[in-house]
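Chains as they are written, first to last, in my numbering: chain D, 137 to 486; chain C, 60 to 246.
Next comes the structure, spelled out in structure tokens:
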């Protein structure tokens, strides 16, 4: 029997040997004679082979922690429901007792001395100590310390640094960096670890990074793994691994750039973002941009004056094809959904 | 494709999970976590947050519902039905939510830096091409690649006919092939 229709929908099953012998034989004979189906088979094989370039990605450790936490909550919640109505007074008493205990035994993270004599509060730590919400840790020129951030990672506190624990809860881990440098290594779902500075907040999206703040509260974020989001009064800068971003008080996060960008571009960006730089600086940035520098250009698009926006758009379009669903008109209007869609596509090259 | 041999689930593990053995749950989790996370990550266009949520949901449902699971022969089917449903749900929510693609490290090869660079470029293009597939094609393509399920198992996991699975895989892979034609050598 010969096939009367092209077997397009069955070609993957044919290639994967998932069909009966009879059906496989029919398709085999058809494909040998039909150019269209032969070409389709080639395309499907190409698609299948292309997937071999996708590596398996290791699941973050924090997922198991979160699963276990959820599992532990369930029975407790069911029990509470069963007894709640009958035991209101007891619950109040238990809650009061719990509050008392919780105050005494509030979460305190472990601090390990790495060098010199770091101080928690006013007490120098020997080999190790503890730090809780509201307390400061301070290092001088010769001291360093490591703070274990709950179950999600650690932060190295470098010399001449002053940092405070603001919140120490499983759902929120928040520090305030007044000056100096910290190096964070976090393995957790995004948005569980935050660092506040005078020029904005660094929001962890699953990453490793260094954050510096100098005596004038000028800051610099350098990301070595994953992503960090810098936020300040509605302004956002998304910084991937291999990139950095400067921050200034009263101005917030600047424009992110890849660390391997030419020095002239970095200087032009600093002037443009923070020092009323002008058209000459923008020209340097646009002319020098490579494909991966669409990171910088994507952020610039919404921060340049309206009359310069087209130039930025055109440079981005020249560097990499504009994806489907991103129209020039909507991009120039800074339509949020359009910019998000474009960023998602560009981010694969960052 | 990923070989099946290293991840066969024994009836003892399933039975231990049913009786609430946390070590057995952990063993089950370790066996599947990277595959589930990888499917979720590529499905959600590299959004690590969404992929973590999907993986967490899948294993929570698996662990709280394993008492209803009967027999170990179709364990993968049951697990991947949870994965497919969680991915599709997350995909619907993602339309209105912010998406952050993440870097995905490719393993350095033994070739020159130029070879590594070229491999990274290809991997990046493949990820973009997979992201552009319609969700139903995307989940089928990823499930076939990362799990090596039979079409019959995939049909049960995706709750559709084997013909539909075949059709989605044919069209999905053809779309990938068309989009990546310039980059890839023919196999």
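C-beta atoms are modelled at their ideal positions from N, C-alpha and C, and glycine is treated no differently.
8 Å Cβ shell around residue i - same chain, five flanking residues per side excluded
i                      : result
residue 451 of chain D : 422, 425, 433
residue 396 of chain D : 378
residue 438 of chain D : 470, 475
residue 410 of chain D : 382, 384, 387, 390
residue 446 of chain D : 468
residue 212 of chain D : With a pLDDT of only 48 at residue 212 of chain D, under 50, the local geometry of the prediction cannot be trusted, and the value read off the model is given with reservation. Nothing listed; no residue qualifies.
residue 149 of chain D : 155
residue 266 of chain D : 244, 245, 246, 247, 256
residue 398 of chain D : 424
Interface partners of residue i on chain C, CB under 7 Å
i                      : result
residue 147 of chain D : 229
Cutoff 7 Å; reference residue i; Cβ partners in own chain excluding five residues on either side
i                      : result
residue 462 of chain D : 474, 477, 478
residue 72 of chain C  : 83, 86, 87
residue 199 of chain D : none
residue 190 of chain C : 104
residue 145 of chain C : 113, 116, 117
residue 428 of chain D : 394, 485, 486
residue 239 of chain C : 184, 185, 188
residue 369 of chain D : 388
residue 137 of chain C : 128
residue 214 of chain D : With a pLDDT of only 49 at residue 214 of chain D, under 50, the local geometry of the prediction cannot be trusted, and the value read off the model is given with reservation. Around residue 214 of chain D: no qualifying Cβ.
Nearest to residue i (by Cα), restricted to the options the options
i                      : options                    : result
residue 391 of chain D : D:314, D:369, D:361, D:430 : D:430
residue 321 of chain D : D:167, D:291, D:296        : D:291
residue 205 of chain C : D:361, D:376, D:404, D:187 : D:187
residue 325 of chain D : D:464, D:337, D:344        : D:344
residue 190 of chain D : C:185, C:227, C:235        : C:185
residue 341 of chain D : D:388, D:289, D:384, D:350 : D:289
residue 233 of chain C : D:146, D:458, D:179, D:447 : D:179
residue 329 of chain D : D:295, D:335, D:364        : D:364
residue 237 of chain C : C:188, C:195, C:194        : C:188
residue 142 of chain D : D:206, D:464, D:177, D:156 : D:177
residue 70 of chain C  : C:120, C:210, C:181, C:128 : C:128
residue 380 of chain D : D:247, D:278, D:405, D:368 : D:405
residue 85 of chain D  : D:371, D:208, D:171, D:486 : No answer is possible for residue 85 of chain D: it lies beyond the span of chain D, which begins at 137 and ends at 486.
residue 295 of chain D : D:416, D:263, D:159, D:280 : D:280
residue 110 of chain C : C:77, C:142, C:229         : C:142
residue 373 of chain D : D:338, D:459, D:171        : D:338
residue 282 of chain D : D:334, D:307, D:317        : D:317
residue 75 of chain C  : C:133, C:210, C:119, C:126 : C:126
residue 192 of chain D : C:219, C:122, C:202, C:123 : C:202
residue 134 of chain C : C:174, C:175, C:215, C:196 : C:215
residue 313 of chain D : D:284, D:286, D:276, D:355 : D:355
residue 181 of chain D : D:197, D:151, D:203        : D:151
residue 241 of chain C : C:180, C:228, C:212, C:176 : C:180
residue 213 of chain C : C:147, C:140, C:122, C:235 : C:140
residue 441 of chain D : D:412, D:202, D:261        : D:412
residue 310 of chain D : D:245, D:159, D:408        : D:245
residue 297 of chain D : D:276, D:264, D:481, D:307 : D:276
residue 230 of chain C : C:121, C:199, C:208, C:211 : C:199
Close Cβ partners of residue i (< 6 Å) along its chain, the five nearest in sequence each way excluded
i                      : result
residue 414 of chain D : none
residue 150 of chain C : 194
residue 251 of chain D : 279, 280
residue 361 of chain D : 343, 344, 377
residue 80 of chain C  : none
Under 9 Å by beta carbon: chain D residues contacting residue i
i                      : result
residue 181 of chain C : 186, 189
residue 92 of chain C  : 194, 195, 199, 200
residue 126 of chain C : Going along chain D, no residue has its Cβ under 9 Å from residue 126 of chain C, so there is no contact; the nearest lies around 13 Å.
residue 78 of chain C  : Correct list: empty, because the minimum Cβ distance to chain D is about 14 Å.
residue 204 of chain C : 184, 187, 188, 190
Residues that residue i contacts on chain D, provided the C-beta gap is smaller than 8 Å
i                      : result
residue 239 of chain C : 182, 183, 186
residue 142 of chain C : Neighbours of residue 142 of chain C on chain D: none; closest Cβ ~13 Å, over 8 Å.
residue 210 of chain C : 149, 152, 154
residue 122 of chain C : 203, 207
residue 185 of chain C : 186, 187, 189, 190
Chain C contact residues for residue i, given Cβ-Cβ distances below 8 Å
i                      : result
residue 206 of chain D : 115, 119
residue 346 of chain D : Residues of chain C passing the Cβ test: none, with the nearest at roughly 17 Å.
Where residue i meets chain D, residues with beta-carbon distance less than 7 Å
i                      : result
residue 226 of chain C : 145
Is the stretch 292-311 of chain D touching the stretch 250-270 of chain D in the sense that three or more CB pairs, one from each, lie closer than 8 Å?
Yes, since at least three Cβ pairs between the stretch 250-270 of chain D and the stretch 292-311 of chain D fall closer than 8 Å, the two stretches touch.
When you compare the stretch 112-124 of chain C with the stretch 91-101 of chain C, are there three or more beta-carbon pairs, one atom per stretch, that lie closer than 8 Å?
Segments in contact, yes.
Under 8 Å: do the stretch 88-97 of chain C and the stretch 220-236 of chain C share three or more Cβ pairs, one atom per stretch?
They do not touch, by the three-pair rule.
With a floor of 4 residues, list each alpha helix (DSSP H) that falls wholly inside the stretch 79-128 of chain C, ordered by position along the chain.
DSSP runs (the alpha helix (DSSP H)) wholly in the stretch 79-128 of chain C: 81-102, 107-124.
May I ask you to verify whether the stretch 163-178 of chain D touches the stretch 254-261 of chain D, counting CB pairs closer than 8 Å and requiring at least 3?
Fewer than three beta-carbon pairs drawn from the stretch 163-178 of chain D and the stretch 254-261 of chain D are found closer than 8 Å, and the two stretches are therefore not classed as touching.
Every unbroken beta strand (DSSP E) inside the stretch 388-435 of chain D [3 residues or more]
As far as the stretch 388-435 of chain D is concerned, it has no whole beta strand (DSSP E) run of at least 3 residues.
Unbroken stretches of the beta strand (DSSP E), 3 residues or longer, contained in the stretch 236-287 of chain D
For secondary structure counted as the beta strand (DSSP E) over 3 or more consecutive residues, the stretch 236-287 of chain D holds these complete runs in sequence order: 244-251, 264-268, 272-274, 280-285.
Unbroken alpha helix (DSSP H) runs of length 4 or more, entirely within the stretch 165-234 of chain C: which are they?
Qualifying alpha helix (DSSP H) stretches, in chain order: 172-190, 194-206, 210-217.
What are the complete beta strand (DSSP E) segments, minimum 3 residues, inside the stretch 298-368 of chain D?
You should have 298-305, 308-322, 329-333, 336-349, 355-368.
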